[in-house]
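*Asks:* Numbering (the UniProt record's numbering) for the sequence shown: 1 to 269. Ideal Cβ positions, reconstructed from N, Cα and C, are used throughout, including at glycine. Before I ask anything, here is the structure I am working with.
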Amino acid sequence: MEQFGSPRLISESAVRNALRVRNLPDEVVEEIVVALPTRAVGVILYGSYARGDYTASSDIDLLAVSQHPGSTIASGRANLSTYDLEQFATAIHTLFGAHLARDAVVLHDSDGVVIDQLATFGGIDLERLWSRVRNLAKLLTLPIDEQHFRLDGFVRHARYVLRTATYARAFETGSPCFSVAELAGRFKDPDLIKLLSSHSDVQGPPTPELLYELRVRIETLSGEIESLAAETLTDVIVEFDDTDLGDAAILILGNHDGSPYTIIPRVIL
Numbered sequence: 001m002e003q004f005g006s007p008r009l010i011s012e013s014a015v016r017n018a019l020r021v022r023n024l025p026d027e028v029v030e031e032i033v034v035a036l037p038t039r040a041v042g043v044i045l046y047g048s049y050a051r052g053d054y055t056a057s058s059d060i061d062l063l064a065v066s067q068h069p070g071s072t073i074a075s076g077r078a079n080l081s082t083y084d085l086e087q088f089a090t091a092i093h094t095l096f097g098a099h100l101a102r103d104a105v106v107l108h109d110s111d112g113v114v115i116d117q118l119a120t121f122g123g124i125d126l127e128r129l130w131s132r133v134r135n136l137a138k139l140l141t142l143p144i145d146e147q148h149f150r151l152d153g154f155v156r157h158a159r160y161v162l163r164t165a166t167y168a169r170a171f172e173t174g175s176p177c178f179s180v181a182e183l184a185g186r187f188k189d190p191d192l193i194k195l196l197s198s199h200s201d202v203q204g205p206p207t208p209e210l211l212y213e214l215r216v217r218i219e220t221l222s223g224e225i226e227s228l229a230a231e232t233l234t235d236v237i238v239e240f241d242d243t244d245l246g247d248a249a250i251l252i253l254g255n256h257d258g259s260p261y262t263i264i265p266r267v268i269l
């Protein structure tokens, strides 16, 4: 039973119709609708499908705002994260919040609470963003043997850090930009399309040479990476009181399902 004064719950049929208008296949639409949290008050589409620059391999990224927090669900190409209203509000001044402010499409919003919150996003704390980029980059100073033993995970991590650093540089040099193709054009660097892509069919295989190139590019953008006084990822998880580094280390160690960072809330940078 809804509490007096709480936002009304969304209409599944309204979300279904809004997704169909964007030419998503019926089976994908139904997967998304079935995955919606029962206490959702709004649903947002963001990323390439919201911008309209998607390809056949593009992910379909959605955020449900609910009366209760939830996890991220990946089904095929669709990724659905669930935030409660309090968690959604923490996106202010973050990269994710700026991403939503620029590109998001509100598929449904029962009482306007999602649109009202989105209106507060857009600005970003660049100093905080660069600080966290430099912190996450420290994992790339672990011993080479450790990095090569977990090469796939370290390449994913380095790609993620470079992508974030490139977003930050775009903020500094012009309007915000969250399209990899647009970033490549803005910086006149076509190699960014392959380096920053989140799709395995574009990336190519992880190699020591690729990991080195990603690190060099990160240092070009954010400065020399501070060394981490640890020998292994397990050391970082057990001995360091740093949530960001610990979460990232866990993902490098054990996430091999092709959808990195799904267990970490998207408001991370």
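(1) Go ahead and label Asp116 buried or exposed: buried means 16 or more other beta carbons lie within 10 angstroms of its beta carbon, across all protein chains shown.
(2) In the region 158-207, which residue ranges form an unbroken alpha helix (DSSP H) of at least 4 residues, counting only runs that do not cross its ends?
(3) So that I know if they touch, is there some Cβ in chain C lying closer than 8 Å to that of Gly254?
(4) DSSP three-state call for Asn17: helix, strand or coil?
(5) Beta-carbon separation of Tyr167 and Leu95 under 8 Å?
(6) Taking the beta carbon of Ser222 as the centre, do at least 16 other beta carbons fall within 10 Å, making it buried, or is it exposed?
(7) Just list the residues that DSSP pairs Ser75 with in beta bridges.
(8) To which residues of the same chain is Glu146 closer than 8 Å at the C-beta, ignoring the five residues directly before and after it?
(9) Three-state secondary structure (DSSP) at Gly42?
(10) Between Asp241 and Phe178, how many whole angstroms is the CB-CB distance? I'm expecting something under 8 Å.
(11) Who are the Cβ neighbours of Phe4 in its own chain at under 8 Å, not counting the five residues just before and after it?
(12) Specify whether the region 79-97 and the region 12-28 touch according to this definition: at least 3 beta carbon pairs, one from each stretch, less than 8 Å apart.
(13) Does the Cβ of Val43 have 16 or more other Cβ atoms within 10 Å, making it buried, or fewer, making it exposed?
(14) Provide the residue span of the beta strand (DSSP E) that contains Asp26, from first to last.
(15) Under the three-state reduction of DSSP, which class applies to Ala64: helix, strand or coil?
(16) Considering just the uninterrupted stretch of the alpha helix (DSSP H) at Asp116, what are its terminal residues?
(17) With DSSP as the reference, label Leu228 as helix, strand or coil.
(18) So Val28 packs on Ile60, CB below 8 Å; how close in whole Å?
(19) What did DSSP end up calling Ile250 once you bin it into helix, strand or coil?
(20) Checking 8 Å against the spacing of the C-beta atoms, do Val106 and Val114 come in under that value?
(21) Return the chain-ordered list of same chain residues with a C-beta closer than 6 Å to the C-beta of Leu45, the five sequence neighbours on each side being excluded.
(22) Given this structure, state the Cα-to-Cα distance separating Ser11 from Leu162, to the nearest angstrom.
(23) Kindly indicate which residue of Leu9, Thr72, Leu140 and Leu100 has the alpha-carbon position closest to the one of residue 293.
(24) Could you check how far apart the C-beta atoms of Asp84 and His99 are, in whole angstroms? I think they sit under 8 Å.
(25) Ile92 to Asp125, Cα distance in whole Å?
(26) Which one of Ala101, Pro208, Leu129 and Phe171 has the shortest CA to CA distance from Gly153?
(27) How far does the alpha helix (DSSP H) with Leu107 in it reach, from first residue to last?
(28) Residues in its own chain within less than 8 Å of Leu36 by CB, not counting five upstream and five downstream?
*Replies:* By the coordinates alone:
(1) exposed
(2) 180-186, 191-196 and 200-203
(3) Looking at the structure shown, chain C is missing, and only one protein chain is on hand.
(4) helix
(5) yes
(6) The residue is buried, with at least 16 neighbouring Cβ atoms inside 10 Å.
(7) Ala78
(8) Glu231, Thr232 and Leu233
(9) strand
(10) Phe178 and Asp241 do not touch by the CB rule: their CB atoms are close to 32 Å apart, not below 8 Å.
(11) Residue placement at Phe4 is poorly supported in this model, since its pLDDT is 37, which falls under 50; the coordinates are not used for a value here.
(12) Taking a cut-off of 8 Å for Cβ pairs, the region 79-97 and the region 12-28 do not touch, as fewer than three such pairs fall below it.
(13) buried
(14) Careful: Asp26 lies outside any beta strand (DSSP E), inside the alpha helix (DSSP H) at Asp26 to Ala35.
(15) Secondary structure at Ala64: strand, using DSSP grouped into helix, strand and coil.
(16) Val113 to Leu118
(17) coil
(18) Contact holds; Cβ gap of about 7 Å.
(19) helix
(20) yes
(21) Leu62, Val105 and Leu107
(22) Distance between the alpha carbons of Ser11 and Leu162: 39 Å.
(23) The structure shown does not extend to residue 293, since the chain spans only 1 to 269, so no value can be given for it.
(24) 19 Å between Cβ atoms; not a contact.
(25) 9 Å
(26) Pro208
(27) Careful: Leu107 lies outside any alpha helix (DSSP H), inside the beta strand (DSSP E) at Val105 to Asp109.
(28) Ile10, Glu12, Val15, Val43, Ala64 and Leu80
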